[in-house]
Structure formats: C-alpha cells, structure tokens
Amino acid sequence: MHELSVAESIVTIIKENTDGGDAKVSAVRVRIGELAGVIPESLEFCFSAITAGTSLEGSRLEIERTAIVCHCEACGTDSTVNGLVFRCPRCHGPHITITSGNELQVVEIEIDD
Amino acid sequence: MAVVTIERKVLQKNDELAQENRELFARNGTYVINLVSSPGSGKTSLLEKTLAQLKDRIKIAVVEGDVQTDLDAQRVAKFDVPVVQIVTNGGCHLEAKLVQDALSNLRLEGLDLLVIENVGNLVCPAGYDLGEAIKIVVASTTEGDDKPLKYPAMFRNASVLIINKIDLVPYVNCNLAELRENALQINPHLTVFETSCTTGAGIKEWSDWLLAQTGKH
Ligand SMILES: Nc1nc2c(ncn2[C@@H]2O[C@H](COP(=O)(O)OP(=O)(O)OP(=O)(O)O)[C@@H](O)[C@H]2O)c(=O)[nH]1
Ligand SMILES: [Mg+2]
Ligand SMILES: [Zn+2]
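Chains as they are written, first to last, in this note's numbering: chain A, 99 to 211; chain B, 344 to 560.
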C-alpha cells in the first residue's frame, strides 16, 4: 500500500538528480531488501502509474533484491537469515545485527543523451 | 547514455524529519511510543486502559493517526489529556512530517509521555520512523498466532509486543505459546506482555513497565 508513497519518493529523488527533469531517464535502479516491506511488483505498478504522462513515462524501474544478512555479536559469523529465523545459524545466539536486508535505496539512474 | 550514481535511501527525507522530531523530544525529556497493529487489535482500548492507570501520575499527550475519522481521538479526549488528530485521508501510515505538523498543536514542555497511535496496518508503518523511542506492536489473539511470520519487518522493528484479547483465547484458534515463539524467532529481544482490555488482565504490569521507561516515577 505504501508502495505509492515510496514510488513518489523515488520520483522526487530522480528529479533532484536531473535538474528538475528534462533529461530522458531510461532506467532507474533501486535496491530493496527482503526485510524492507516493499513488494516489488506493487512498486513497479505504482511507479508506472504515477509516471504515466510525465517526462518519466516509459522509464524502466530495475529492482535489485538483497537477502537478509546478519552478523553475530557472539561468534562473529556473517550469515544469511533463512526462513525468518533471526538467530545466528552457527552458535544459535540471539545477538545478531542485520547488516543487509533493510535496504530501500535509489542506486543509480541511466540517462539517454 | 550516462549513468548517474545516486546511492540514496528512498525514505531519507522521512528519516531526517524523524531525527528532528527525536531531538525535539529529547530536549523536552518526552518519552515517545509508536503504537502499531492490524486494524482493530486494540490499540485505542489499550491506550484508554493505560491512560486510566497513568494520567494522574505523569503528563501524557496523544497523537491519533486515522485514515478517515477522529473517533479514536474522541475516545481518548474523554480522559482529559491533550490529543491531536492526524487524518491521513487514505494514507496507510503516519510519516514523520505529519507528526511534526501535529506537534505544533502540542505543548511538549513538561510532557513525560507522548503516545502516537499509528494507522491500523502491519506493513507500511514499519518503514517510517516518526522519531519515537520505541515501536510497540499489538497483536490480538483473534488474528491467529502466525502474524509475526507474515509481517516480520514490523515485529523485527518493534521493541515490545503486547498480546491483547487474551480473554478470547478459549474461543479462537490461537496458541499463545506459539504466538510468543513466532515473535521471538523474528525478534529475540522483544519484551512481551499479555493483556485483556475486557478483564483488565496484564494492564497494570504493562502500565508499570511503561511508567518506568519514562523515568518519571
Ligand atoms: N474481547 C476483547 N475485545 C477487545 C479487547 N481489546 C479491544 N477489544 C475490542 O476490539 C475492538 C477494536 O478495538 P480498538 O481499541 O478500537 O482497536 P484499534 O487497534 O485501536 O483499531 P483501529 O484504530 O481501527 O486500528 C473494539 O470493539 C474493542 O472493544 C480485549 O482485550 N478483549
Ligand atoms: Mg484505534
Ligand atoms: Zn554466532
């Protein structure tokens, strides 16, 4: 549902980086972690809906997904969190920091000249 | 063709405003909680019970987020505490900017506790920092015991889980132990309370804990 406001924020960021938007943006690359709570298909839909009829119409939204990765404070292991079990797979300790998986970033844009 | 590197958080604006809110709260010594849940889990009911426990002991104010109405704000206003309504007009979550605007209608000076009731939704509010000290997720027994697994981001970002409507356990398909276990699997650091707004069970434990967090007692 909030994919709409996420799409609006992406458009704002694109505009800020293209001096208001006369350049032809052919693609926007975004990075979305598995834990970011954003559904890619829904974001794609919202992005094309709000860019229709604007200078961004037809720009491709390319979504890169990142897995949930954690770092264990106890044993130092970095591992992927599988099946939503937020414990260190090696020592089973609960003291982990999520080092990747929360991302919701605009990585780069591609401009046709 | 040119590639412009940006590497920016999509919600960076919101994070910046949330940080401004957080600094404002810190300057005033106000402890702020962000109450989140599915629609109808009992956020407002819990708030009413909590106000009955605490409103004469510390200074409390409430920000009510609602998609359409001010019904919850009316319920809260009966307790004679300052309440500001934010109507999101269809928006499925509160954002830091909306809270910041609402704050202009509140006196933070001398305020011990600010409770923000978010829009009923377990997905969208997870990503939007409002500047709160902690997020509190309410899950009620009528929703079943699998919610933490279906909405991991929310349970991961919360510090407290309140399992509400425990009076209904005999009538619904919800295993409390299972619910707790699922939540702790997502977030082993959750502090868990079990409450019923109908019988009053667990309300005192929860209110005392909250009072202790504000550091005013
Ligand atoms: N049996 C029972 N009913 C409860 C309990 N807590 C709340 N309710 C009922 O559940 C319904 C919804 O409660 P609210 O407090 O309005 O829930 P909410 O989370 O604020 O709802 P929204 O703001 O609309 O998302 C009301 O009819 C309450 O009376 C409880 O502990 N037990
Ligand atoms: Mg409510
Ligand atoms: Zn470990």
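Beta carbons: idealized from backbone N, C-alpha and C, even for Gly. These numbers were taken from a predicted model, which means no experiment stands behind them.
- Under the Cβ criterion of 8 Å, glycine 156(A) is not counted among the residues facing chain B.
- As for any beta strand (DSSP E) of minimum length 3 sitting wholly inside the stretch 475-536 of chain B, the runs are 477-483, 503-507, ordered along the chain.
- Chain order gives the chain A residues near isoleucine 529(B) as Leu182, Phe184, where near means a beta carbon separation below 7 Å.
- Residues of the stretch 350-373 of chain B that bring their beta carbon within less than 9 Å of a beta carbon in chain A comprise Glu350, Arg351, Lys352, Val353, Leu354, Gln355, Lys356, Asn357, in sequence order.
- For alanine 416(B), no CB of chain A lies under 8 Å from its own CB, so it is not counted at the interface with that chain.
- Around proline 187(A), no beta-carbon contact reaches into chain B at under 8 Å, the shortest distance being about 13 Å.
- The shortest C-alpha to C-alpha distance from phenylalanine 368(B) to any of Val480(B), Val442(B), Gln417(B), Glu438(B) is the one to Val442(B).
- Per DSSP, asparagine 377(B) is not a residue of any alpha helix (DSSP H); the beta strand (DSSP E) it occupies stretches across 374-380.
- Under the Cβ criterion (8 Å, minimum of three pairs), the stretch 151-168 of chain A does not count as touching the stretch 359-368 of chain B.
- The C-beta separation of arginine 351(B) from valine 128(A) comes to about 10 Å, leaving the pair out of contact by the 8 Å criterion.
- Around the Cβ of arginine 188(A), a 10 Å sphere holds fewer than 16 other Cβ atoms; the residue is exposed.
- Leucine 367(B) carries a helical assignment under DSSP once its states are collapsed to helix, strand and coil.
- Closer than 7 Å at the C-beta level to chain A, one finds these residues of the stretch 485-499 of chain B: Leu492, Pro495, Ala496, Arg499.
- By the C-beta density criterion, alanine 395(B) is exposed, having fewer than 16 other C-beta atoms within 10 angstroms.
- Relative to ligand 3, threonine 175(A) has its C-beta within less than 7 Å of a heavy atom.
- DSSP places arginine 418(B) in no beta strand (DSSP E) but in the uninterrupted alpha helix (DSSP H) bounded by 414-420.
- By the criterion of a C-beta distance shorter than 8 Å, threonine 393(B) is surrounded in its chain by Val458, Ile546, Trp549, Ser550, Leu553, once the five residues flanking it on both sides are discounted.
- The residue among Leu456(B), Ile529(B), Ile479(B), Gly383(B) with its C-alpha nearest the C-alpha of lysine 493(B) is Ile529(B).
- Leaving aside the five residues that flank isoleucine 108(A) on each side, the residues in its chain whose CB is nearer than 7 Å to its CB run, in chain order, Val126, Val128, Phe145, Val204.
- Using a Cβ-Cβ cut-off of 8 Å, alanine 469(B) counts as an interface residue toward chain A, since at least one Cβ of chain A sits closer than that to its own.
- Chain B has a Cβ within less than 8 Å of the Cβ of glutamate 206(A).
- Closest by C-alpha distance to valine 167(A), out of Ser103(A), Glu101(A), Ile130(A), Gly199(A), is Gly199(A).
- Assignment of beta-bridge partners to valine 405(B) by DSSP yields Val426(B), Val458(B).
- At a cut-off of 7 Å, the beta-carbon of proline 468(B) does not count as near ligand 1: no heavy atom of the ligand is closer than that.
- CA-to-CA, the gap between lysine 559(B) and alanine 172(A) works out to about 34 Å.
- Beta-bridge partners assigned by DSSP to glutamine 203(A): Arg129(A), Lys352(B).
- DSSP, read as helix, strand or coil, puts leucine 397(B) in helix.
- Look at cysteine 467(B) here: in three-state DSSP terms it is helix.
- Going by DSSP, cysteine 170(A) is part of the beta strand (DSSP E) stretching over 167-170.
- Going by DSSP, leucine 159(A) is part of no alpha helix (DSSP H) but of the beta strand (DSSP E) stretching over 158-164.
- Contact between the stretch 371-389 of chain B and the stretch 476-488 of chain B is present: three or more C-beta pairs spanning the two stretches fall below 8 Å.
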